[in-house]
Amino acid sequence: MSTFCKITTVLAVAVFATLVLTITFRGLAYAGPYVLAFFLLLAISARAYPKTKSFAYTIVIFGAAAMALYYPALFISYGDFKYATLIIPLIQLIMFGMGTSMHYRDFLGVLKAPKGILIGVVSHFIIMPLLGFSIATLSVKFAAMPPEVAAGIILIGCCPNGMASNVVSYLAKANLALSVTITSISTLLSPVVTPFLMNLLAGPLIKIDPWLMVADIFKMVMIPIALGLLFSSVAKGRATWLKKVMPLVSMGGIICIIIIITAAGRDSLLKVGLLLAVLVLLHNIGGYLLGFWSAKLFGMEERDCRTIAIEVGMQNGGMAAGLAKGMGKIGTLGLAPVIFSTLMNITGSLLASYWHKKPTTRGDEATVPDAVEG
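Below is the structure:
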């Protein structure tokens, strides 16, 4: 470990001690600078250790959310310009990056392994929407959760997978080719399936315009992905720099989206944040468990069961946030997707680490994808 990392580790411990003392004697409201400094130093320190390196990005996300909670005015608007306007362009940029990392060969997997694809896609669009609907309905009835906030749980459940699931599948020694194909197919189906499910399940909680949602998905997801695929085909390997840059752009874009939504929904988040975090964590973990056992039920091998568990449990939080923005409810409907995206990075990393140490009967034959999306 370098001297610099040793220093940051020591400083992180010192700042944490200061943070605890500040909260104890002055209150949480005065701890903002120390919270931000702690997360920054902790993220730098985490990268110095192989076992914690994968958590550095998640720590940065927590720091970004904390910054938005303490200083929301900085991230709501600048003069007459509303920062929420940036959400959809950022998602389009992330989806373009996803398109550049995809290839027509990804879709040939449907012909080679239709059983795994079918189980993965169908399980994803059955388990997560119904589980989200159940959690949201119970939270409104028994925990007085605001309906628009609860509807966000259903929204994240109705969205397709994100590219982060592909990275987690690779690290978990799952079937990466199957993972990429399920992600691609579920994304292509989303303009039809997501609005239909959202209208069906969230209609009692919030007014839904399914046709507007279809238009938003095409604008935010399908067109940028198509342009990314086209660019990748035309470039034919000449733009290798793009594959190095786009993961960083995607991660930066996700952090910006989280900051903007957290700042916009600060008041609602402070009221229901802890409860909402528990509910979306149940949603996420429930997706892993039900996805794994649905694959087991159909006789899939261990490696494919891992893949389907990850594909079911991990969602495209950016797309859900963009849809919330399109409906003009970023500060309520958009909260659950933001918290879900943050927590699934943690649970996904833990799950990948656990499965990585447990070998399967077949080795991973693919390489890690070039883009990460939450």
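To convert, note that position 201 of the sequence shown is 1342 in this note's numbering; the numbers rise steadily by one, no gaps.
Glycine included, each C-beta is placed from N, C-alpha and C at the ideal position.
List the endpoints of the continuous alpha helix (DSSP H) containing residue i.
i: M1339; result: 1317-1343
i: G1467; result: 1458-1467
i: V1362; result: Per DSSP, V1362 belongs to no alpha helix (DSSP H) and is neither H nor E.
i: G1440; result: Unbroken run through G1440: none, as it is neither H nor E.
i: N1302; result: Premise fails: N1302 is in no alpha helix (DSSP H) and is neither H nor E.
i: M1208; result: 1197-1211
i: P1174; result: 1173-1187
i: G1406; result: Run containing G1406: none; DSSP gives neither H nor E here.
Does DSSP put residue i in a helix, a strand or coil?
i: K1498; result: coil
i: S1264; result: helix
i: S1218; result: strand
i: K1192; result: coil
i: K1223; result: strand
i: A1285; result: coil
i: A1512; result: Low confidence applies to A1512: its pLDDT is 41, below 50, so where it sits in the model is not reliable, and the reading given next is rough at best. Reduced to three states, the DSSP call for A1512 is coil.
i: R1167; result: coil
i: D1350; result: coil
i: L1474; result: coil
i: M1455; result: coil
i: I1294; result: helix
i: K1314; result: coil
Pick out whichever of the options has its Cα sitting closest to the Cα of residue i.
i: L1389; options: V1375, Y1198, T1278, L1422; result: Y1198
i: P1365; options: A1225, V1413, L1234; result: L1234
i: S1409; options: L1492, M1286, A1315; result: M1286
i: M1304; options: M1208, G1240, I1401, L1411; result: G1240
i: G1238; options: G1463, K1385, T1488; result: K1385
i: N1316; options: E1452, F1216, T1483; result: E1452
i: M1354; options: V1334, K1437, P1345; result: V1334
i: T1159; options: P1174, P1288, I1148; result: P1174
For residue i versus residue j, is the C-beta spacing smaller than 9 Å?
i: G1405; j: G1472; result: Per the sequence shown, the amino acid found at residue 1405 is Ala instead of Gly. For A1405 and G1472, yes; Cβs fall inside 9 Å.
i: G1133; j: N1486; result: The structure shown does not extend to residue 1133, since the chain is modelled only from 1142 through 1515, so no value can be given for it.
i: I1399; j: I1202; result: yes
i: D1445; j: L1330; result: no
i: S1494; j: S1264; result: no
i: Y1211; j: V1176; result: yes
i: S1327; j: G1261; result: yes
i: A1343; j: I1349; result: yes
i: A1450; j: F1439; result: no
i: G1293; j: A1170; result: no
Can residue i be considered in contact with the ligand HEM, in the sense that its beta carbon sits closer than 8 Å to one or more heavy atoms?
i: G1168; result: Questions concerning the ligand HEM fall outside what the structure shown contains, since it holds no ligand whatsoever.
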